[in-house]
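Peer 1:
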Amino acid sequence: MSKELIFEARQLTKHFGPTVALNKVDFKVYKGQITGLIGENGSGKSTITSIAAGMQPATEGEMFFQGQSHKPSSMIEGAKTGIGMIVQEQGTVSGLTVAQNIFLGEENKFRTMGIIHASKMNKAAKEALDAIGFTGVDPSRSIDSLNMQDRKLVEIAKVIYNKPDMLVVDETTTALSQQGRTIIYDIMKRMREENKAVVFISHDLQELMDTCDTLTVLRDGNLITTLEKDQMKEETIKKHMVGREMKGDYYRSDYDGTIDPQVVLDIDNITTGTGLLKNFSLKVHKGEILGIGGLSDCGMHELGKAIFGEEKILRGKVTHITSGDQITTAREALDHSMGYVSKNRDKEALVLTASIQDNILSAGIDKIANKLGVIIPKNRKAYVNKQVQELSIKCASVEQNVQYLSGGNKQKVVFGKWIGRDCDILILDCPTRGVDIGVKAAMYQLIYRMKQQGKTIIMISEELPELIGMSDRLIIIKNGQLSGEFARSEVLNENMIIDVMI
Ligand SMILES: Nc1ncnc2c1ncn2[C@@H]1O[C@H](COP(=O)(O)OP(=O)(O)OP(=O)(O)O)[C@@H](O)[C@H]1O
Ligand SMILES: [Mg+2]
Numbered sequence: 001m002s003k004e005l006i007f008e009a010r011q012l013t014k015h016f017g018p019t020v021a022l023n024k025v026d027f028k029v030y031k032g033q034i035t036g037l038i039g040e041n042g043s044g045k046s047t048i049t050s051i052a053a054g055m056q057p058a059t060e061g062e063m064f065f066q067g068q069s070h071k072p073s074s075m076i077e078g079a080k081t082g083i084g085m086i087v088q089e090q091g092t093v094s095g096l097t098v099a100q101n102i103f104l105g106e107e108n109k110f111r112t113m114g115i116i117h118a119s120k121m122n123k124a125a126k127e128a129l130d131a132i133g134f135t136g137v138d139p140s141r142s143i144d145s146l147n148m149q150d151r152k153l154v155e156i157a158k159v160i161y162n163k164p165d166m167l168v169v170d171e172t173t174t175a176l177s178q179q180g181r182t183i184i185y186d187i188m189k190r191m192r193e194e195n196k197a198v199v200f201i202s203h204d205l206q207e208l209m210d211t212c213d214t215l216t217v218l219r220d221g222n223l224i225t226t227l228e229k230d231q232m233k234e235e236t237i238k239k240h241m242v243g244r245e246m247k248g249d250y251y252r253s254d255y256d257g258t259i260d261p262q263v264v265l266d267i268d269n270i271t272t273g274t275g276l277l278k279n280f281s282l283k284v285h286k287g288e289i290l291g292i293g294g295l296s297d298c299g300m301h302e303l304g305k306a307i308f309g310e311e312k313i314l315r316g317k318v319t320h321i322t323s324g325d326q327i328t329t330a331r332e333a334l335d336h337s338m339g340y341v342s343k344n345r346d347k348e349a350l351v352l353t354a355s356i357q358d359n360i361l362s363a364g365i366d367k368i369a370n371k372l373g374v375i376i377p378k379n380r381k382a383y384v385n386k387q388v389q390e391l392s393i394k395c396a397s398v399e400q401n402v403q404y405l406s407g408g409n410k411q412k413v414v415f416g417k418w419i420g421r422d423c424d425i426l427i428l429d430c431p432t433r434g435v436d437i438g439v440k441a442a443m444y445q446l447i448y449r450m451k452q453q454g455k456t457i458i459m460i461s462e463e464l465p466e467l468i469g470m471s472d473r474l475i476i477i478k479n480g481q482l483s484g485e486f487a488r489s490e491v492l493n494e495n496m497i498i499d500v501m502i
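Quick note on numbering: my numbering labels position 90 of the sequence shown as 90, and the sequence is numbered without any gaps.
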């Protein structure tokens, strides 16, 4: 059966001032296929798909959809034509209910004689949520009461409700736990069966190889190649992505999981305000990489926040052992040389309207001031540049606003902000989310280096391979309680962990 084209970009070009985000790209998407899109952070993946979906116009070039010239002026218009996109960053609007988010801009459907019927809208929203298998959320609830994963699922329900002929999934899976991922995989497979098209963006090579029928590689705004299923091999993909052979270990290679008996943090019988953690206790040791895994709502993300003083603790306490002090606020955590990379970068970890430089400096300002508290411009520049180079943050200049960076580059700024501070205890919640493989490797090296310097790293993650690959000790949380603990070992595998996770 010959492949039938659904979307085509011809010589598509996008400039942002001096940045060439796309350079004369010819890109084709076929019906009945899942087309993967991969490339380093900032290579143009979100740019090309968002132009197709109507979020922004191209500088030059043409697009065709279902054989017609395609030039949507908005996402709503893109959706009407048949292209739905689940965006990389948060796509829901605060201050509205779940249902209002699903029908944003389409309220008229529920209006009679000037009045919007909330009950009708809620009923339709429930159907939209049920259709993707996301049950158990009341559509009249405020979107702000939902966690990041659930907000993403609402967004998916909204996009699917419009029955797109082509669906773009931009780096969505890393925001989701395994349960959420199953929902999105099922949707993609269903669309393929219905002879519709999917464009799937991810940094997870295995996931792409498992899911996609073809895989297009972008590098620096150029389309490098499109690989067919039988050509998809890890080494080949990496080579096309970075333009050279990429070998070497990703994770640390040693299996020495010796734990220093010295405890630096004592989490004693805590119960959190959200109720996700109940009578939870944990001792964290000096110089260990402590991995924490579980399903997304098991309480692991709240644990990170609670340790850093950002989650209300109703009972129990977190004690910084060396000083004997109790940690109850983020200020106290900072004063005790603790750092925290939040999973939710846009909402909790970055000031989007500030520059890369100011974001990086925001956590490290006291590190570069001299004894009198004066900051020497030369030191400031060196401090910022070190993070930018070490993590290959792709930007036109460090004065650029963080909001205009690609998703992965934003994540690098959050990481750089905290790694630069040189904290004694660093809590990382999904630190490599949306980061390309090259930079992931650099992050793992930085984490390992910190450990070797005797620093303590608490790494919360949805990615089992990274937990297995990096942790000295790995604990699994289930329903707010400790359900398993594993020492670093060569034989530790994902199945052993999944057994105690669900
Ligand atoms: N609104 C904007 N203003 C200025 N530059 C932008 C804007 N949007 C994107 N860019 C730049 O265009 C380039 C491509 O970005 P894009 O978001 O498409 O990358 P990406 O491949 O999706 O990366 P990631 O894997 O990190 O999500 C980057 O250099 C980015 O900084
Ligand atoms: Mg992107």
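Using N, Cα and C, we set each Cβ at its ideal position, and we do this for glycine too.
Among the residues of its own chain, which have a CB less than 8 Å from the CB of VAL25, if the five just before and after it don't count?
Peer 2: ALA9, GLN11, LEU12, THR13, GLY44, ILE48, GLY61, LEU218, GLY221, ASN222 and LEU223
Peer 1: Reducing DSSP to helix, strand and coil, say where TYR250 ends up.
Peer 2: It is coil, neither helix nor strand.
Peer 1: Please give me, in chain order, every unbroken run of the beta strand (DSSP E) with length at least 3 that falls completely inside the segment 394 to 445.
Peer 2: 425 to 429
Peer 1: Candidates GLY133, LYS412 and GLN179: which alpha carbon is nearest MET501's?
Peer 2: Shortest Cα-Cα distance from MET501 to any of GLY133, LYS412 and GLN179 involves GLN179.
Peer 1: Buried or exposed: ASN195, going by 16 or more other Cβ atoms within 10 Å of its Cβ?
Peer 2: exposed
Peer 1: Report the three-state DSSP secondary structure of LYS283 (helix, strand or coil).
Peer 2: strand
Peer 1: Determine the direct distance from the alpha carbon of GLU390 to that of ILE365, and round the result to whole angstroms.
Peer 2: Looking at the two C-alpha atoms, the distance is approximately 19 Å.
Peer 1: When a residue counts only if its C-beta is closer than 7 Å to some heavy atom of ligand 2, which residues count, in chain order?
Peer 2: Every residue passing the under-7 Å Cβ criterion appears here: LYS45, SER46, GLN88, ASP170, GLU171, ILE201, SER406, GLY407 and GLY408.
Peer 1: Between which two residues does the beta strand (DSSP E) holding LYS28 run?
Peer 2: 19 to 30
Peer 1: Is GLY309 close to chain D, meaning its C-beta is less than 9 Å from at least one C-beta of that chain?
Peer 2: Going by chain labels, chain D is absent from the structure shown, which holds only one protein chain.
Peer 1: Would a C-beta distance cut-off of 9 Å place ASP346 and LYS410 closer than the cut-off?
Peer 2: yes
Peer 1: Run through the DSSP bridge pairs and tell me what ALA369 is partnered with.
Peer 2: ILE375
Peer 1: Which residues in the same chain as GLY420 place their Cβ atom closer than 8 Å to its Cβ, once the five residues preceding and following it in sequence are excluded?
Peer 2: Excluding its 5 nearest sequence neighbours in each direction, GLY420 has C-beta neighbours in its own chain below 8 Å: ILE360, ALA363, GLY364, LYS367, TYR383, LYS386 and GLN387, listed in chain order.
Peer 1: Identify which residue in GLN481, ASN479 and LEU467 has its Cα closest to the Cα of MET496.
Peer 2: LEU467
Peer 1: Under 8 Å, with one C-beta from each stretch per pair, do the segment 254 to 267 and the segment 433 to 443 reach the 3-pair mark?
Peer 2: Contact fails: fewer than three Cβ-Cβ distances are below 8 Å.
Peer 1: What does DSSP give as the partner residue(s) for ALA79 in the beta ladder?
Peer 2: DSSP output for ALA79 lists no bridge partner at all.
Peer 1: Is it the case that the segment 62 to 74 contacts the segment 225 to 236, given that we only count it when at least three CB pairs across the two stretches are under 8 Å?
Peer 2: With fewer than three CB-CB distances shorter than 8 Å, the segment 225 to 236 does not count as touching the segment 62 to 74.
Peer 1: Using the beta-carbon count (16 or more within 10 Å), is HIS117 buried or exposed?
Peer 2: Flag for HIS117 reads exposed.
Peer 1: In terms of alpha-carbon separation, which member of GLN56, TYR251 and ALA21 lies closest to GLY438?
Peer 2: TYR251
Peer 1: In terms of residues, what are the limits of the beta strand (DSSP E) holding THR214?
Peer 2: 214 to 219
Peer 1: According to DSSP, is ARG10 helix, strand or coil?
Peer 2: strand
Peer 1: For MET85, name the three-state secondary structure that DSSP assigns.
Peer 2: When secondary structure is reduced to three states using DSSP, MET85 falls in the strand class.
Peer 1: DSSP three-state call for ASP170: helix, strand or coil?
Peer 2: strand
Peer 1: What's the C-alpha gap between ILE458 and THR272?
Peer 2: 19 Å
Peer 1: In terms of residue numbering, what span does the alpha helix (DSSP H) encompassing GLY304 cover?
Peer 2: Its alpha helix (DSSP H) spans residues 300 to 307.
Peer 1: Indicate whether GLY408 and HIS240 have their beta-carbon atoms separated by less than 9 Å.
Peer 2: Going by C-beta atoms, GLY408 is not nearer than 9 Å to HIS240.
Peer 1: For the beta strand (DSSP E) that contains ILE259, what are its first and last residues?
Peer 2: Here ILE259 belongs to no beta strand (DSSP E), and DSSP marks it neither H nor E.
Peer 1: Tell me whether ASN41 counts as near ligand 1, meaning its Cβ is closer than 8 Å to at least one heavy atom of that ligand.
Peer 2: yes
Peer 1: Per DSSP, what are the beta-bridge partners of GLU228 in this structure?
Peer 2: THR214
Peer 1: Just verifying my parser: in three-state terms, what is the DSSP assignment at LYS386?
Peer 2: Three-state result, LYS386: helix.
Peer 1: Taking the DSSP output, what are the residues bridged to ARG341?
Peer 2: A quick correction: the sequence has Val, not Arg, at residue 341. Paired residue(s): LEU428.
Peer 1: Where PHE27 and VAL198 are concerned, what is the direct C-alpha to C-alpha distance, given to the nearest angstrom?
Peer 2: 13 Å
Peer 1: Measure the Cβ-Cβ separation of SER471 and GLY291 and say whether it is below 9 Å.
Peer 2: Closer than 9 Å, so yes.
Peer 1: Let's see if you can read the secondary structure: which residues bound the alpha helix (DSSP H) around SER119?
Peer 2: 118 to 131
Peer 1: Could you say if the segment 297 to 313 and the segment 390 to 404 meet the contact criterion of at least three C-beta pairs nearer than 8 Å?
Peer 2: no
Peer 1: Please state if the CB of LEU334 and the CB of GLN403 are separated by a distance shorter than 9 Å.
Peer 2: No. Outside cutoff.
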